[in-house]
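In our numbering, the protein residues as written are 179 to 312. Built from N, CA and C at the ideal position, the CB exists for glycine as well.
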Amino acid sequence: MPILPFLTKLHRAPAGSFHVLTGAKAARLRAHTMYIPSPLDIATAIQAIPHGQTRTLRDIRSDIALAHHADITCPSRTTIYWKWLAHATVELGDTPSPYAIPWWRVLKDGKLSPHMPGGISNQRELLRREGVEK
């Protein structure tokens, strides 16, 4: 099976890392420590969302930060990897992979995302199939 574009990006992404923040960055983020997640960190957190439930990206970032003893998790990497994982899941189809996730259970700021595979209508339909109305 050929490596697919989003899988390639995920495989090339760096491992998660813990950082101590100082100066202006610490003040701007109101945090002293930040965990920059790996795609697998994001995949694991999303795979833990039960069928028929949703979580926000903020919830996922909080869970990951807590698990890695950091004040915050990098918001931009979390969002980027969520999008990559969603597209990789579609590319994979029925092929089992640790990167195949129920991406539709994640909401950005409590809302459906137009940037996910199939846009808002697809995310809404996938949630509806699980009994979630959005």
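Inter-residue spacing [alpha-carbon to alpha-carbon] between A209 and D272: 40 Å
Would you say the region 281 to 296 touches the region 256 to 266, given that touching needs at least three Cβ pairs under 8 Å? yes
In terms of residues, what are the limits of the beta strand (DSSP E) holding S195? S195 to V198
What residues in its chain sit with their C-beta under 8 Å from that of T211, if we drop five residues either side in the sequence? F196, H197, V198, L199, H247, A248, D249 and I250
Just curious, the alpha helix (DSSP H) that I258 is in, first and last residue? P253 to L270
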